[in-house]
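Protein chains: 2
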Amino acid sequence: LLWKASLVIPRQYNDPMELKSLQITCSRDCGLQPGRLVVVGVSGGADSLALADALAALGYPLVIAHYDHGLRVDSSADLEFVRNYAASKGQAFITASGDVASHANTHGLSTEEAARQMRYAFLFRVTREQSAQALAVGHTADDQVETVLMHLLRGAGLDGLKGMTWRGMLASFDQDVPLVRPLLGVWRTETEAWCQAHALAYRVDITNRDTAYARNRLRHEIIPMLESYNPQAKTHIQQLAGHLAGDHRLLAGLTDAAFHSSLKESGDGYLVFDRKQLASLDPALGARILRQTANRLVAELRDFDSGAVERCLAAIPGTPAGWQADLPGGLRIHLDGDQAILFTWQADLPGMDWPQIPGDQVFDIKPPCELTLDNGWLLRLEEISPAPSLSMVMENQDPRQAWIDADRLTAGLSVHRASVGQRFIPLGMITGSQKLSDFWVNVRLPQRARAGWPVVFSGNEVVWLPGFRPAHTFRVTPGTKRTLVLQLARQPEQ
Amino acid sequence: LLWKASLVIPRQYNDPMELKSLQITCSRDCGLQPGRLVVVGVSGGADSLALADALAALGYPLVIAHYDHGLRVDSSADLEFVRNYAASKGQAFITASGDVASHANTHGLSTEEAARQMRYAFLFRVTREQSAQALAVGHTADDQVETVLMHLLRGAGLDGLKGMTWRGMLASFDQDVPLVRPLLGVWRTETEAWCQAHALAYRVDITNRDTAYARNRLRHEIIPMLESYNPQAKTHIQQLAGHLAGDHRLLAGLTDAAFHSSLKESGDGYLVFDRKQLASLDPALGARILRQTANRLVAELRDFDSGAVERCLAAIPGTPAGWQADLPGGLRIHLDGDQAILFTWQADLPGMDWPQIPGDQVFDIKPPCELTLDNGWLLRLEEISPAPSLSMVMENQDPRQAWIDADRLTAGLSVHRASVGQRFIPLGMITGSQKLSDFWVNVRLPQRARAGWPVVFSGNEVVWLPGFRPAHTFRVTPGTKRTLVLQLARQPEQ
């Protein structure tokens, strides 16, 4: 009896790895146009191979791109495998390789993250050079579930819980080239089934089973445990991501509208809001506007915490004009009559009280010490022990504090003005150096603040630009024995 | 050096179990008014005891209420313990007990759910009788984290992920009495520390460690594993709930506004929307409106699935007038020119094609069979094996299908019209019976549909009112050996 099935399984889903379903996904969700070139990132695993194969079957002209991370002994075998696959299908093939370990080391990244950065840099470059309509990658529903859980545990809000999108931008790699994920609704087992059904051999990455990697622990320990609690857990989390993506879009629209209706004016490094308007909003909407403002003023600010947001929201309705407060990321809020002004401290607003060196003096500093600067600022230096964790140093979002490796210093520390022509090696710059004058232009420090800005030196070398960046030369690394911490702070109110 | 701490711990939270913090929470978040009576549900555990103690310290007049579930051998010891606590503090004490096992059995509930229902029914009744301003319960941040995870794994959207609220209504128990949770920001270890600091002994529920209970598995297996992955996991999930509660409120406001601006008219069991307006909305907003509509038309409809929503949204923009489709929960959508009408099938809309019995005939039915009714309907009967899981039967949200225990039938099944004065024992009614004519009034079946409505009988007893409820007498229980399934369905289109 046919109707029996409908009793036991109330809903029926189409096989998402059927070509017909995939075609709808490619055009409706991923926005791919038929007949136009797509670059596919292919590792050689079942997911990316099934993707390339299915896209070819749907008639998309392809370029197969493979990045050789050189991390495993058999990585060149992967490369040859993908090259042979492309050749057997008569498809264009582009490859490159890089030294992931060295990239990880110099940038203080995990191996996974370094590999990811180098791979995407390559894939986006190829996509742009080939004038392809998009870069396609083989992320599956399993990857989506892992991403949602990772964000949940890391403390993301809706932005993270919504997971990956069918089509989106990775602006840090390329501002224009879209990244599409046609397999986001397909489970890993289905890509393997596709490969089997189409007699495609695929490579198995043996490191996938190494639970030393965070994602593998999720995959092999945590998700199976969640499934033992609720067998539908994976499906539920995947569907959740889809719903939350819609909710997120609605909230983004709502936030944008409220943002623009309460914004009175904006300029380099500052935004001026109508205080009454902000105060009249639902606090959750006010919080969203403040977060959006912070992200607009400081790129990649992840750590704009709820405490700071709540303090602002509490102050906005009734606090007397003239109130100011420091916020994370070197931001500041100033309430001025019917205005609420959010600004970076580089912003050239009237009455800015930047830290300045009194005259041409040179101050030698030894830990522990506290140096008084002009305009109500202090500079503190101390040796800390035990050393802070490397991840804490790497994820530091506060430009007003810096950790340095005491043993790398070639001379004692001093604080004084920089001379004309002074050069600086900002953290992350591996070769060469930069003129301090160029750095000031880049960070948009107003002209009138530059000459008197306090700079921490070791001999002639810049160690820290307080409020901006430490120097690469003296950075903390896994080998650091003695750590100095520098902090720029406001003097306590008298 | 004082400032050292601020380097290592960038944010400082106040102790949420300090009286000052708790006072703010009680008034700002829970909306409690000073000096007015509060009923506190006290189990005798550290959480509820710390709550009662802290609320008393904050000066709230209290009534201590304890429900004796009688589930454990030592439950009367809990009762005496709480009674003594109240007496020692000079506080009013009210208690009651009930037969949880029997409630669970007759309603097909888990023991946990049955205990919860009986406890809340008691606590709300006491709160109402005492004219207290609110019922306070001792849910902690740990409970919040467990709730969020449970919803995540069960497949809830934002509504579930936002967790419990500081102040809210449990409308199924009481429409007016607010439930408050002042300890939602306090961890369980902090309530234990409170009890220790205030020399309060507390009872430990030994069944808390029994991982046969779903929540205990979360608490003792899953959460510790998540914490081994990210030590801050619990804090992150707790903060997430707070953020999502705000997001949820914003979306609810947005949905309400769009709902009312696209609603053209409404009546008993139906809502008429402007089709163009619905079509112009973001699909995520359209989906929210459809879900809200479904919940308005059918109380406690949990299972309005995305598939149904998507089919509606796809049809609304361009489908020719006259299109109709069945939706879960006995709902139906009809597109009529510039209108989209959502209605329960009880709704007395023109042209409704209700299932009707042809004339006064009696149809004897034996499994398997398919009986043709008037207006394009079918009634199907089959014995199914293996039996469906009890939870599937209990959670059935489809009024067009019913499972019955074949061995409880006293006579063969037949389908015919009901006679005047016919009585019925709807599922869940444990004592007595109801006049069918009253039932029709309750479910608002239009007058003109009643006389010809098909009813399934066993002898003179009603077995099923197709489209509404099965009878209590023939329900499926854990002891059921042979299960019959009945289904009301539309005839396939010719």
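Protein chains in written order, with our numbering: chain A, 556 to 1049; chain B, 556 to 1049.
Just so it is clear, CB atoms sit at the ideal spot from N, CA and C, and this is done for glycine as well.
Rounded C-alpha distance that separates B/S643 from B/A632: Counted from its first residue, the second sequence places residue 643 of chain B at position 88. Counted from its first residue, the second sequence places residue 632 of chain B at position 77. Each residue's alpha carbon lies about 16 Å from the other.
Residue from B/I920, B/I761 and B/I959 whose Cα sits closest to the Cα of B/P1009: In the second sequence, counting from the first residue as 1, residue 1009 of chain B sits at position 454. Closest by alpha carbon: B/I920.
Separation of B/D881 from B/V948, as counted between CA atoms: Walking along the second sequence from the start, residue 948 of chain B turns up at place 393. Walking along the second sequence from the start, residue 881 of chain B turns up at place 326. Approximately 21 Å between the Cα atoms of the pair.
Range covered by the beta strand (DSSP E) that runs through B/H624: As a working mapping, residue 624 of chain B is identified with position 69 in the second sequence. Looking at the DSSP string, B/H624 is not in any beta strand (DSSP E), and its letter there is neither H nor E.
Threshold first: 3 residues or longer. Then list the beta strand (DSSP E) segments lying entirely within the region 894 to 964 of chain B, N to C. 894 to 899, 918 to 920, 924 to 928, 932 to 939 and 956 to 960
Evaluate A/Q688 with the Cβ neighbour count: other Cβ atoms within 10 Å of its Cβ, from every protein chain shown; 16 or more gives buried, anything less gives exposed. Taking the first residue of the first sequence as position 1, residue 688 of chain A is located at position 133. Only buried fits A/Q688, as 16 or more other CB atoms lie within 10 angstroms of its CB.
Would you say A/R1030 faces chain B, with C-beta separation under 8 Å as the test? Residue 1030 of chain A sits at position 475 when you count from the first residue of the first sequence. No, because no Cβ of chain B sits closer than 8 Å to the Cβ of A/R1030.
With three or more beta-carbon pairs closer than 8 Å as the criterion, would you say the region 820 to 838 of chain A touches the region 777 to 789 of chain A? no
Cβ-based contacts, 8 Å cut-off: residues of the region 785 to 799 of chain B near chain A: Of all residues in the region 785 to 799 of chain B, N785, Q787, A788, T790, H791, I792, Q794, L795, G797, H798 and L799 have a Cβ within less than 8 Å of some Cβ in chain A.
Do the region 880 to 899 of chain A and the region 815 to 831 of chain B make contact, defined as three or more Cβ pairs closer than 8 Å? Fewer than three Cβ pairs drawn from the region 880 to 899 of chain A and the region 815 to 831 of chain B lie within less than 8 Å of each other, which leaves the two stretches out of contact.
Indicate whether at least one CB of chain B lies closer than 8 Å to the CB of A/M907. Against the first sequence, residue 907 of chain A aligns to sequence position 352. Cβ-Cβ to chain B under 8 Å: no for A/M907.
Whose C-beta lies closer than 6 Å to the C-beta of A/P981 among residues of the same chain, with five residues either side of it excluded? Locating residue 981 of chain A in the first sequence gives position 426, counting from the first residue. Cβ neighbours of A/P981 beyond the five flanking positions: R1024.
Closer than 8 Å by C-beta to A/K559: which residues in its own chain qualify, once you throw out the five before and the five after it? Chain order, please. As a position in the first sequence, residue 559 of chain A is number 4, starting the count at 1. Unreliable placement is indicated for A/K559, whose pLDDT of 26 sits below 50; no coordinate value is reported for it.
Of all the CB atoms in chain B, is at least one closer than 8 Å to the CB of A/I564? The residue you call residue 564 of chain A lines up with position 9 of the first sequence. Low confidence applies to A/I564: its pLDDT is 28, below 50, so where it sits in the model is not reliable, and the reading given next is rough at best. With 8 Å as the cut-off, A/I564 does not count as an interface residue toward chain B.
Residues in the region 980 to 1000 of chain B having any Cβ partner in chain A nearer than 9 Å: Within the region 980 to 1000 of chain B, no residue has a Cβ lying closer than 9 Å to any Cβ of chain A.
Can you tell me which of the three DSSP states B/D881 falls into? Numbered from 1 along the second sequence, position 326 holds the residue referred to as residue 881 of chain B. Correct three-state label for B/D881: strand.
At a Cβ cut of 8 Å, what residues of the region 861 to 879 of chain B count as close to chain A, listed as they run along the chain? S861 and G862
Using CA atoms only, rank isn't needed, just tell me which of B/G645, B/Q646 and B/S652 is closest to B/G625. Residue 625 of chain B sits at position 70 when you count from the first residue of the second sequence. The shortest Cα separation from B/G625 among B/G645, B/Q646 and B/S652 belongs to B/S652.
My understanding is that B/H791 touches B/K717, with C-beta atoms under 8 Å, so please give their C-beta distance in whole angstroms. Sequence index remark: in the second sequence, residue 791 of chain B carries index 236 (1-based). Sequence index remark: in the second sequence, residue 717 of chain B carries index 162 (1-based). Actually they are not in contact, since the Cβ atoms of B/H791 and B/K717 sit about 15 Å apart, beyond 8 Å.
Chain-order list of residues whose beta-carbon lies under 7 Å from that of B/D760 (same chain, five-residue window excluded): The sequence position of residue 760 of chain B within the second sequence is 205, counting from 1. Only G600 meet the Cβ criterion.
Using 8 Å as the limit for Cβ to Cβ distance, is A/A839 near chain B? Position 284 of the first sequence, counted from the start, is the residue given in the question as residue 839 of chain A. Interface residue, yes.
Validate contact between the region 997 to 1009 of chain A and the region 897 to 905 of chain A using beta carbons, cut 8 Å, 3 pairs: yes
Under 8 Å: do the region 729 to 737 of chain A and the region 683 to 702 of chain A share three or more Cβ pairs, one atom per stretch? Contact between the region 729 to 737 of chain A and the region 683 to 702 of chain A is present, because at least three Cβ pairs lie under 8 Å.
Whole angstroms are fine: how far does the CA of A/P883 sit from the CA of A/L928? Along the first sequence, one-based indexing puts residue 928 of chain A at 373. Along the first sequence, one-based indexing puts residue 883 of chain A at 328. Cα to Cα, A/L928 sits roughly 21 Å from A/P883.
In three-state DSSP terms, what is B/S816? Along the second sequence, read from residue 1 onward, the residue named residue 816 of chain B stands at position 261. Residue state, collapsed to three classes: helix.
Pairwise C-alpha distance: A/Q588 and A/L606: Sequence index remark: in the first sequence, residue 606 of chain A carries index 51 (1-based). Sequence index remark: in the first sequence, residue 588 of chain A carries index 33 (1-based). The alpha-carbon atoms of A/L606 and A/Q588 are separated by roughly 16 Å.
A/T580, enclosing beta strand (DSSP E) - first and last residue: Along the first sequence, read from residue 1 onward, the residue named residue 580 of chain A stands at position 25. Unbroken run through A/T580: none, as it is neither H nor E.
Decide if A/S816 is buried, meaning its Cβ has at least 16 other Cβ atoms within 10 Å, or exposed. Here the question's residue 816 of chain A lines up with position 261 in the first sequence. A/S816 is exposed by the Cβ-count criterion.
State yes or no: is the C-beta of A/R972 within less than 8 Å of the C-beta of A/D915? Residue 972 of chain A sits at position 417 when you count from the first residue of the first sequence. Residue 915 of chain A sits at position 360 when you count from the first residue of the first sequence. Yes, the Cβ-Cβ distance between A/R972 and A/D915 is below 8 Å.
Considering only the beta carbon of each residue, do A/D584 and A/T746 sit closer than 8 Å? The residue given as residue 584 of chain A occupies position 29 in the first sequence. The residue given as residue 746 of chain A occupies position 191 in the first sequence. Contact flag unset, no.
Give the residues from the region 842 to 857 of chain A that approach chain B closer than 7 Å (Cβ to any Cβ), ordered along the chain. A842
Could you list the residues in the region 804 to 824 of chain B with a C-beta less than 9 Å from some C-beta on chain A, going in chain order? R804, L805, L806, G808, L809 and T810
Please classify A/I871 as buried or exposed, where buried requires at least 16 neighbouring CB atoms within 10 angstroms. Here the question's residue 871 of chain A lines up with position 316 in the first sequence. By the 10 Å Cβ count, A/I871 comes out buried.
Straight-line CA distance for B/A849 to B/A876? Taking the first residue of the second sequence as 1, we reach residue 849 of chain B at position 294. Taking the first residue of the second sequence as 1, we reach residue 876 of chain B at position 321. Distance between the alpha carbons of B/A849 and B/A876 is about 21 Å.
Can you give me the Cβ contacts of A/L557 inside the same chain, cut-off strictly under 7 Å, excluding the 5 residues immediately before and after it? For the purposes of this step, residue 557 of chain A is identified with residue 2 of the first sequence, where counting begins at 1. Its pLDDT being 26, under 50, A/L557 is placed unreliably by the model, and the measurement read from it follows with that caveat. No residues qualify anywhere along the chain.
Does B/W558 get closer than 8 Å to chain A when you measure Cβ to Cβ? One-based indexing of the second sequence puts residue 558 of chain B at position 3. Reliability fails at B/W558, whose pLDDT of 28 lies under 50, so the model's placement of it is uncertain and the value that follows must be treated cautiously. Yes, its Cβ sits closer than 8 Å to a Cβ of chain A.
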